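Residue numbers (my numbering): 5 to 255.
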């Protein structure tokens, strides 16, 4: 991917007038770009309409397609789990509002998938026929498709800052256990002031902040209290029970 003079990642989209249109792709640590759009839950002002909540903004290529249908059934079925984590789901594709409505009605009335049926999708699905939002968020990637959004997932915190981004290609459905794990992980990092090791799941040991002095490093390596376990002075973990996480995060 190309970068501008300030080091920002950009994507270039071809235009019919032979000019190039350049869109900055938001990055981790950036404030989530604002937009106002129609959705299946009425007009929304993102992200300000969801102040005080975490947000997951995700895109899909097209309505009435099989991979997207399997994903929306799964997201709709898990919606209460995300709500319990104070997280608002917002979906987006470059299809129109009436297509969205017809598709979600079809999902509710006709589709059963993986044991899930009668799933009503109640979170907003944004109408982005103009592709303005998709381009603003770097969801249209011409190497994959110039006319459809890829499967992007943006995790946005209480301060409307982007904390994590995941991109999937058109043909690969998302792992929803991983999406929830990332959300819980980010909230755990913030609430408990820890870091998380490889393959962490709620209930596993967490990484404590690295010792900031020689004395602290020595103290950790000779600690026999059993409260922390040190692999070396810079790599120490402690237990964080699932129940503590649930009590802190789940409403």
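No residue lacks a Cβ here, since even glycine has one placed at the ideal position from N, Cα and C. Values in this document were obtained by computation on a predicted structure and should not be read as measured data.
Item, Value
"Segment limits, alpha helix (DSSP H) that includes residue 71", "70-88"
"Start-end ranges of the beta strand (DSSP E) lying completely within the stretch 158-231, minimum 3 residues", "166-172"
"Whole-angstrom distance between residue 222 and residue 77, CA atom to CA atom", "52 Å"
"Burial state of residue 200 (16 or more Cβ within 10 Å)", "buried"
"Outcome for residue 155 when other beta-carbon atoms lying within 10 angstroms are tallied against a minimum of 16", "buried"
"For residue 39, three-class secondary structure by DSSP", "strand"
"Spatial distance of residue 148 from residue 79 (CA atoms)", "24 Å"
"Neighbour-count burial assignment, residue 246, 16 or more Cβ in a 10 Å radius", "exposed"
"Euclidean distance between Cα positions of residue 248 and residue 195", "11 Å"
"Straight-line Cα distance separating residue 37 from residue 85", "26 Å"
"For residue 150 and residue 21, the rounded distance between their alpha carbons", "Confidence is the limiting factor: at residue 21 the pLDDT is only 45, short of 50, which leaves the residue's position unreliable, though a coordinate-based value still follows. The straight-line gap from Cα to Cα measures roughly 16 Å."
"Of the residues 175, 159, 145, 48, the one placed nearest residue 29, counting alpha carbons only", "145"
"Residue 52, buried or exposed, once every other Cβ within 10 Å from all chains shown has been counted against 16", "exposed"
"Distance cut-off 7 Å: residue 39 Cβ against heavy atoms of the ligand SAH", "As presented, the structure is devoid of all ligands, the ligand SAH included, so that no description of it is given."
"N- and C-terminal bounds of the alpha helix (DSSP H) containing residue 237", "Premise fails: residue 237 is in no alpha helix (DSSP H) and is neither H nor E."
"Integer Cβ distance of residue 60 from residue 187, believed to fall under 8 Å", "7 Å"
"Per-residue burial, residue 104 [other beta carbons within 10 Å of its own, 16 or more giving buried]", "buried"
"Opposing strand residues paired with residue 94 [DSSP bridges]", "61"
"Close-in-space but distant-in-sequence residues of the same chain around residue 74 (CB under 7 Å, 5 per side omitted)", "117, 177"
"Whether residue 96 touches residue 163 by CB criterion (8 Å)", "no"
"Nearest-angstrom Cβ-Cβ length linking residue 92 and residue 54, presumed shorter than 8 Å", "4 Å"
"Given residue 255 as reference, the closest of 57, 107, 44, 108 once Cα atoms are compared", "57"
"Cut-off 6 Å between Cβ atoms - residues of its own chain near residue 209, not counting five sequence neighbours on either side", "241, 243"
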